[in-house]
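Enquirer: I have a structure I would like to understand better, so I am pasting it below and will then ask my questions one at a time.
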């Protein structure tokens, strides 16, 4: 494992990395606002660079680097605003205090000329930590206890950019994503 | 950094004409509902129990607490005792606040969960632990949450509400899935049941990037003869995406 992989694992969160047609790459950690965070990992800091400010022209691939070592990559032959990147979470007002949470980090690429987007998502929805003592399986995901990742997993899916069903997100702001349809 | 440093639910302990907004949700700060007008400076462990009513009813009094036994005031009034909830007296009672550090990637969602685990009820209805899942006898044939919400169709920087929703909340209010107010100076025509990821309210639009703003909302709680006895601490939540 390289130094970057180790830092990503230590950060406890996923990060995006873009690749351009001219061979250059841009990592989420490369921007001034984020450079200190990856160097000094903070697992609870689910903040990112400003995706809306990132140059989309010439972007031919987008990766999602996950803290368990997995990497998802999406590519396109049309390097002109075809990728999306966002996090999903929220803010809860609870009797035991406010809670900010992030339960998924997504990347996606528009396929063909329609509104369908192929996505990868690093999910971070903790399971209950309980398991069936007879079957030794997680009560949430039903996997054997030793295989349960406690809700941390990389998944892929197809969705509609105007009405994302994934986690009830709904329509994405195309302006924020810098997407061209 | 594109996530928000601060997102808060703020409550108005003044009036519609002279609002006094205070953010809640830090440790031991919360909104509490009661059917009595005398629950001032009461520790949560001693919060007065409600007798389950013979018929469905609105839980009339809303208190804003900033510490376990420290009452900040009452929603929708600056008087010494709370006023019973009405559709018009408290239309400026709550609002979502966010700062200028973040960028929403989609229109946020206003809902409620049973706990901070953010799980969705396994099914509508029931007779135990059912403040959000409702009960078909009390809250409608398709059971709706006892906790209702309404949302305004534009951010405060455009214009704050100047009038109440057209219709007061009723116990059977609710629509399956997502509802949104019409963009502009509009409340939802009827309240929505707040039931986790089953019934919820989506903002009319994606708020502008990196602009601090607020958006008014209203909460109303009902109870009924088929609500399961329990200590309920529902978690009011703003679900959102960011870049």
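Residue numbers (my numbering), protein chains in the order written: chain A, 127 to 307; chain B, 15 to 257. Cβ coordinates follow ideal geometry from the N, Cα and C atoms, glycine included.
For the beta strand (DSSP E) containing residue 211 of chain A, list its first residue and its last residue.
Expert: Segment 209 to 220, the beta strand (DSSP E) holding residue 211 of chain A.
Enquirer: Would a C-beta distance cut-off of 8 Å place residue 137 of chain A and residue 193 of chain A closer than the cut-off?
Expert: Result yes, Cβ atoms of residue 137 of chain A and residue 193 of chain A sit closer than 8 Å.
Enquirer: Give me the chain A residues within the contact set of residue 211 of chain B, using Cβ-Cβ distance strictly less than 9 Å, ordered along the chain.
Expert: The contacting residues are 293 and 294.
Enquirer: Could you pull out every residue in the same chain whose Cβ sits closer than 6 Å to the Cβ of residue 208 of chain B, ignoring the five residues on either side in sequence?
Expert: Within the same chain, residue 208 of chain B has close Cβ partners 125, 126, 159, 161 and 163.
Enquirer: Considering only DSSP beta bridges, list what residue 270 of chain A is partnered with.
Expert: Partner(s): A:263.
Enquirer: Would you check if there are 3 or more beta carbon pairs closer than 8 Å linking the region 211 to 229 of chain B to the region 104 to 121 of chain B?
Expert: Short answer: they touch.
Enquirer: How long is the line joining the alpha carbons of residue 111 of chain B and residue 148 of chain A, rounded to whole angstroms?
Expert: So the alpha carbons of these two residues sit roughly 42 Å apart.
Enquirer: In angstroms with no decimal places, state the Cα-to-Cα distance between residue 219 of chain A and residue 38 of chain B.
Expert: The straight-line gap from Cα to Cα measures roughly 8 Å.
Enquirer: Report the CB separation of residue 235 of chain A from residue 287 of chain A in whole angstroms; it is logged as a contact under 8 Å.
Expert: The Cβ separation is near 10 Å, so there is no contact.
Enquirer: Would you call the region 279 to 286 of chain A and the region 232 to 240 of chain B touching, i.e. three or more CB-CB distances under 8 Å?
Expert: The region 279 to 286 of chain A vs the region 232 to 240 of chain B: no contact.
Enquirer: Going along the chain, which unbroken runs of the beta strand (DSSP E) with 3 or more residues stay wholly within the region 155 to 201 of chain B?
Expert: As far as the region 155 to 201 of chain B is concerned, its whole beta strand (DSSP E) runs of at least 3 residues are 161 to 165 and 191 to 193.
Enquirer: For residue 57 of chain B and residue 77 of chain B, I'd like the C-alpha separation in whole angstroms.
Expert: If you take the alpha carbons of residue 57 of chain B and residue 77 of chain B, they lie about 12 Å apart.
Enquirer: Residues in its own chain within less than 6 Å of residue 238 of chain B by CB, not counting five upstream and five downstream?
Expert: Here the set comprises 70 and 152.
Enquirer: Taking 7 Å as the cut-off, is the C-beta of residue 136 of chain A nearer than that to any heavy atom in the ligand ATP?
Expert: Inclusion of the ligand ATP in the displayed structure is not the case, the ligand content being empty and no account of it being possible.
Enquirer: Contact between the region 93 to 103 of chain B and the region 243 to 255 of chain B: three or more CB pairs below 8 Å?
Expert: As far as the Cβ criterion goes, the region 93 to 103 of chain B does not touch the region 243 to 255 of chain B, which means the pair count is below three.
Enquirer: What do you reckon, are the CB atoms on residue 139 of chain B and residue 18 of chain B nearer than 8 Å?
Expert: Not in contact: residue 139 of chain B and residue 18 of chain B (Cβ atoms no closer than 8 Å).
Enquirer: Applying the criterion that 16 or more other CB atoms from any shown protein chain within 10 Å of the CB defines a buried residue, is residue 106 of chain B buried or exposed?
Expert: Burial call: buried.
Enquirer: Which residue from B:62, B:195 and B:22 puts its Cα closest to that of residue 109 of chain B?
Expert: Comparing Cα positions, the closest option is B:22.
Enquirer: What does the Cβ neighbour count give for residue 221 of chain A, buried or exposed, with the cut at 16 atoms within 10 Å?
Expert: Buried.
Enquirer: DSSP state of residue 21 of chain B, grouped into three classes?
Expert: Looking at residue 21 of chain B - three-state DSSP - the assignment turns out to be strand.
Enquirer: First and last residue of the alpha helix (DSSP H) that includes residue 279 of chain A?
Expert: Segment 278 to 286 is the beta strand (DSSP E) holding residue 279 of chain A; no alpha helix (DSSP H) there.
Enquirer: Tell me, please, which residues DSSP counts as bridged to residue 68 of chain B.
Expert: Per DSSP, none; premise fails for residue 68 of chain B.
Enquirer: Helix, strand or coil for residue 106 of chain B, going by three-state DSSP, please let me know.
Expert: In the structure shown, residue 106 of chain B sits in coil (DSSP, three-state: anything other than H, G, I, E or B).
Enquirer: Listing by chain order, which chain A residues have their CB less than 7 Å from the CB of residue 249 of chain B?
Expert: Correct list: 218, 219 and 220.
Enquirer: Check distances from the C-beta atoms of the region 24 to 43 of chain B to those of chain A and list, in chain order, the residues that come in under 7 Å.
Expert: Per Cβ criterion, the list reads 38, 39, 40 and 41.
Enquirer: Identify the contact partners of residue 77 of chain B in chain A, using a Cβ-Cβ distance below 7 Å as the criterion.
Expert: Correct list: empty, because the minimum Cβ distance to chain A is about 13 Å.
Enquirer: Show which residues of chain B have a CB atom less than 9 Å away from the CB atom of residue 150 of chain A.
Expert: Within chain B, no residue comes near residue 150 of chain A; the closest Cβ sits about 21 Å away, beyond 9 Å.
Enquirer: By the criterion of Cβ-Cβ separation under 7 Å, what are the contact partners of residue 130 of chain B in chain A?
Expert: Chain A residues near residue 130 of chain B: 218, 220 and 225.
Enquirer: Among A:208, A:305, A:200 and A:241, which one has its Cα closest to the Cα of residue 282 of chain A?
Expert: For residue 282 of chain A, the nearest C-alpha among the options comes from A:200.
Enquirer: Going by other Cβ atoms of all chains shown within 10 Å of its Cβ, with 16 needed for buried, is residue 169 of chain B buried or exposed?
Expert: Buried.
Enquirer: How would you list, in chain order, the residues of chain C whose beta-carbon sits under 7 Å from the beta-carbon of residue 146 of chain B?
Expert: Among the protein chains of the structure shown, namely A and B, there is no chain C.
Enquirer: Just the chain A side, please: which residues come within less than 7 Å of residue 252 of chain B by C-beta, in chain order?
Expert: In chain order: 216 and 217.
Enquirer: Please report how far the alpha carbon of residue 273 of chain A lies from the alpha carbon of residue 195 of chain A, in whole angstroms.
Expert: The alpha-carbon atoms of residue 273 of chain A and residue 195 of chain A are separated by roughly 16 Å.
Enquirer: Which stretch, first to last residue, makes up the beta strand (DSSP E) that contains residue 100 of chain A?
Expert: Because chain A spans 127 through 307 in this model, residue 100 of chain A falls outside it and cannot be assessed.
Enquirer: For residue 367 of chain A and residue 129 of chain B, what's the separation of their Cα atoms in angstroms?
Expert: Any question about residue 367 of chain A goes unanswered here, given that chain A covers just 127 to 307.
Enquirer: Output the distance between the C-alpha atoms of residue 240 of chain B and residue 141 of chain B, rounded to the nearest integer angstrom.
Expert: Rounded to the nearest angstrom, the two C-alpha atoms are 6 Å apart.
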